[in-house]
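Colleague:
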Amino acid sequence: MCGHDGIHRGHEVFHTGPRVRVEKISPSVYLIRVDDERIRFFEALWEIPEGVTYNAYIVTGPERIVLIDTVKKGFEGIFLSALRRIVDPRDIDAIVVQHAEPDHSGALPRVLGHASRATVYAHPLAKGMLEGLYGLRIERFKPVKDGLELSLGGDTKLVFIQTAWLHWPETMMSLLEPEQILFTGDAFGAYSVPGVLVDSGNPEVFKYYIYFMRKYFATIIGAYRSWVTKALDKLAGLEPKMLAPLHGMVIEKHVQEAIELYKGWAQGRLDRSRAVVVYSSMYGAVEEAMERIAGMLEARGLEVSVYRFTDAERASIADVIGEALDAGYLVVGAATYEAHVFPLMDYVLGLLCSKASAGQRVLVVSSYAWGGVAARKIAEKLGGCGFNVAATVEAKGRLPDHALEEAVEKLLSTGPEQ
């Protein structure tokens with residue numbers, strides 16, 4: 003289906019060629035956004051039929067012109083064409099690399115070939131990363147310390163804020179003063195190709211967009227949630243008027259809401275009105291039980307999302323991780339397979355542990371033909387990584403209704419911590 007303002011969700015998206023868009027988002031800042039609707043798997047791992055954008059920014063000060071980040075390799079040509087619509091690359095004085103990952107630095111070698119006088123500003127670790135990634139030598143490099151200021155003339159300046167492990171060790175943010183625009187790197191980014199470049203203030207659009215912010219947070223930053231809290235502590239008191247991330251739309255009208263969302267996701271705040279049901283089923287026994295459980299949860303007023311791995315359907319693991327991040331309840335089902343947990347579900351469990359565990363209450367469901375071990379192993383794995391296993395139910399073949407009813411009651415008997 004298609005969501006608000008051209009934000010796509012689901013697997014029905016028709017992919018077209020790359021598009022680059024340029025917009026002046028403040029008196030001194032231009033956004034260059036490349037829309038990647040061809041991509042299927044972000045980092046060759048996460049399913050994103052909704053696509054993704056790569057954002058870069060030009061800041062024009064009274065005395066200096068600064069480029070903040072570039073775009074993914076393969077888009078250098080359209081990026082340089084867009085850049086030339088704003089400035090002559092030869093006039094760029096500084097290039098800020100907030101994150102060395104290739105989806106943001108892939109065009110850097112081509113840009114440096116044209117911006118010959120530019121000095122690269124980045125975390126001290128970034129120089130070796132960039133030179134290693136691209137086989138180049140960066141002659142003009144300024145290692146950035148926390149709090150370093152780059153004057154652009156008059157009272158205009160960039161203040162650099164090191165925000166390690168969001169989600170690489172060299173990640174940082176940049177605050178443009180006095181406009182109070184915070185360039186946030188991967189933080190506050192999102193999957194999807196929004197129809198608008200800057201948050202328009204429409205609450206329904208932003209509410210829908212949160213799905214893609216949460217999915218991005220869980221899959222890309224979820225393993226580093228303690229570092230998110232540290233970064234937010236450093237940002238306290240800055241009062242940015244705009245958040246300018248490297249993916250998704252620029253956030254202007256919902257800045258504080260976005261910051262609160264990040265706080266909640268980092269701290270493990272859970273929504274007790276939501277449940278995620280995820281299962282694998284080879285021959286239908288687990289599937290039948292899980293669909294009955296989903297109906298029981300809905301009958302009790304919960305919003306239920308169901309993700310299936312069967313012979314006819316394979317769910318998006320990225321969406322599972324994203325929805326599980328702050329759902330109050332998780333129901334996991336899998337059969338025993340060769341004296342272990344069904345392999346695909348075991349893989350999903352590992353990702354849930356590393357990316358989304360926050361004390362969610364869990365119901366484990368399993369079925370077997372001659373020897374059941376999956377329920378115990380799933381419970382041990384999830385219980386050992388921070389989930390709260392409230393109940394398990396396992397049977398030879400079909401799972402009886404009364405057992406499922408009892409398990410659901412145990413799951414819901416005490417709500418998760420807020």
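Reminder that position 40 of the sequence shown reads as 42 in the numbering used here, one-by-one numbering, no gaps. Even glycine gets a Cβ: it sits at the ideal position worked out from N, Cα and C. Treat the numbers as computed from the prediction; the structure is a model and nothing was measured.
Helix, strand or coil: how does DSSP classify residue 40 here?
Modeller: Translated into positions along the sequence shown, residue 40 becomes position 38. Reduced to three states, the DSSP call for residue 40 is coil.
Colleague: Leaving out the 5 sequence neighbours to the left and right, which residues in its chain are closer than 8 Å to residue 417 when beta-carbon positions are compared?
Modeller: For the purposes of this step, residue 417 is taken as residue 415 along the sequence shown, with counting starting at 1. Per-residue confidence for residue 417 stands at a pLDDT of 47, beneath the threshold of 50, marking its modelled position as unreliable; no derived number is given.
Colleague: Around the Cβ of residue 138, are there at least 16 other Cβ atoms within 10 angstroms (buried) or fewer (exposed)?
Modeller: Translated into positions along the sequence shown, residue 138 becomes position 136. So residue 138 ends up on the exposed side.
Colleague: Measuring CA to CA, which of 382, 101 and 185 is closest to residue 390?
Modeller: Locating residue 390 in the sequence shown gives position 388, where the first residue counts as 1. It is 382 whose Cα lies nearest to the Cα of residue 390.
Colleague: With a CB to CB cut of under 8 Å and the five nearest residues on each side skipped, what residues in its chain are close to residue 199?
Modeller: On the sequence shown, position 197 is the one that residue 199 refers to. The residues are 23, 25, 27, 33, 35, 251 and 252.
Colleague: Hey, how far is the Cα of residue 259 from the Cα of residue 216?
Modeller: Within the sequence shown, numbered from 1, the residue matching residue 259 stands at position 257. Within the sequence shown, numbered from 1, the residue matching residue 216 stands at position 214. Using only the alpha carbons, I get a separation of about 13 Å.
Colleague: Would you call the stretch 66 to 86 and the stretch 105 to 117 touching, i.e. three or more CB-CB distances under 8 Å?
Modeller: As far as the Cβ criterion goes, the stretch 66 to 86 touches the stretch 105 to 117, which means the pair count is three or higher.
Colleague: Check each candidate in 192, 268, 324 and 96 and name the one with the smallest Cα separation from residue 56.
Modeller: Residue 56 sits at position 54 when you count from the first residue of the sequence shown. Measuring from the Cα of residue 56, the nearest candidate turns out to be 192.
Colleague: Could you check what DSSP says for residue 10 in three-state terms: helix, strand or coil?
Modeller: By one-based count along the sequence shown, residue 10 stands at place 8. The predicted position of residue 10 is uncertain, since its pLDDT is 38 and thus under 50; no value can be drawn from it.
Colleague: Measure the C-alpha to C-alpha separation of residue 387 and residue 220 and round it to an integer number of angstroms.
Modeller: Locating residue 387 in the sequence shown gives position 385, counting from the first residue. Locating residue 220 in the sequence shown gives position 218, counting from the first residue. If you take the alpha carbons of residue 387 and residue 220, they lie about 16 Å apart.
Colleague: DSSP three-state call for residue 116: helix, strand or coil?
Modeller: Along the sequence shown, read from residue 1 onward, the residue named residue 116 stands at position 114. Three-state DSSP puts residue 116 in a helix.
Colleague: Could you pull the start and end residues of the alpha helix (DSSP H) that residue 23 belongs to?
Modeller: Here residue 23 refers to the residue found at position 21 of the sequence shown. That residue, residue 23, is in no alpha helix (DSSP H); its beta strand (DSSP E) goes 21 to 28.
Colleague: Between the Cα of residue 328 and the Cα atoms of 280, 297 and 268, which residue gives the shortest distance?
Modeller: To locate residue 328, count along the sequence shown from 1; it is residue 326. Measuring from the Cα of residue 328, the nearest candidate turns out to be 268.
Colleague: When the Cα atoms are used, what is the spatial distance from residue 350 to residue 279?
Modeller: Indexing the sequence shown from 1 puts residue 350 at position 348. Indexing the sequence shown from 1 puts residue 279 at position 277. Looking at the two C-alpha atoms, the distance is approximately 13 Å.
Colleague: Among 229, 146 and 299, which one has its Cα closest to the Cα of residue 409?
Modeller: Here residue 409 refers to the residue found at position 407 of the sequence shown. The residue with the shortest Cα to Cα distance from residue 409 is 299.
Colleague: Would you mind working out which of 290, 377, 195 and 234 sits nearest residue 40, comparing C-alpha positions?
Modeller: Looking up residue 40 in the sequence shown gives position 38. Checked all of 290, 377, 195 and 234; the closest Cα to residue 40 is 195.
Colleague: When we look at the beta-carbon of residue 372 and count the other beta-carbons within 10 Å, is it buried (16 or more) or exposed?
Modeller: As a first step, residue 372 must be located in the sequence shown, where it is residue number 370. So residue 372 counts as exposed.
Colleague: With DSSP as the reference, label residue 398 as helix, strand or coil.
Modeller: Along the sequence shown, one-based indexing puts residue 398 at 396. Residue 398: strand per DSSP, three-state reduction.
Colleague: Spatial neighbours of residue 402 within its chain, please: CB distance less than 6 Å, with the 5 preceding and 5 following residues excluded, ordered by chain position.
Modeller: Taking the sequence shown and counting its residues from 1, the one referred to as residue 402 is at position 400. Counting only Cβ-Cβ distances below 6 Å, and skipping sequence neighbours, we find nothing.
Colleague: Considering only C-alpha positions, which residue in the set 204, 180 and 205 is nearest to residue 241?
Modeller: Reading the sequence shown from its first residue, position 239 is the one you call residue 241. Closest by alpha carbon: 180.
Colleague: Closer than 8 Å by C-beta to residue 257: which residues in its own chain qualify, once you throw out the five before and the five after it? Chain order, please.
Modeller: As a working note, residue 257 is residue 255 in the sequence shown. If we look at residue 257 and ignore the five residues flanking it on each side, its Cβ neighbours are 242, 243, 244 and 245.
Colleague: Taking only runs that begin and end inside the stretch 150 to 198, name each unbroken beta strand (DSSP E) of 3 or more residues, in chain order.
Modeller: Here the runs fully enclosed are 151 to 155, 158 to 164, 174 to 179 and 183 to 187.
Colleague: Compute the Euclidean distance between the alpha carbons of residue 92 and residue 83, then round it to the nearest angstrom.
Modeller: Taking the first residue of the sequence shown as position 1, residue 92 is located at position 90. Taking the first residue of the sequence shown as position 1, residue 83 is located at position 81. Approximately 14 Å between the Cα atoms of the pair.
Colleague: How far does the alpha helix (DSSP H) with residue 378 in it extend, from its first residue to its last?
Modeller: Counted from its first residue, the sequence shown places residue 378 at position 376. Taken as a continuous stretch (DSSP letters only), the alpha helix (DSSP H) holding residue 378 covers 376 to 385.
Colleague: Could you have a look at residue 146 and say whether DSSP puts it in helix, strand or coil?
Modeller: Walking along the sequence shown from the start, residue 146 turns up at place 144. The answer is coil: DSSP assigns residue 146 none of H, G, I, E or B.
Colleague: Check residue 267 in the structure and name its three-state DSSP category.
Modeller: If you number the sequence shown from 1, residue 267 lands on position 265. Residue 267: helix per DSSP, three-state reduction.
Colleague: Fully enclosed by the stretch 258 to 312, which alpha helix (DSSP H) runs are 4 residues long or longer?
Modeller: Listed in chain order, they are 287 to 301.
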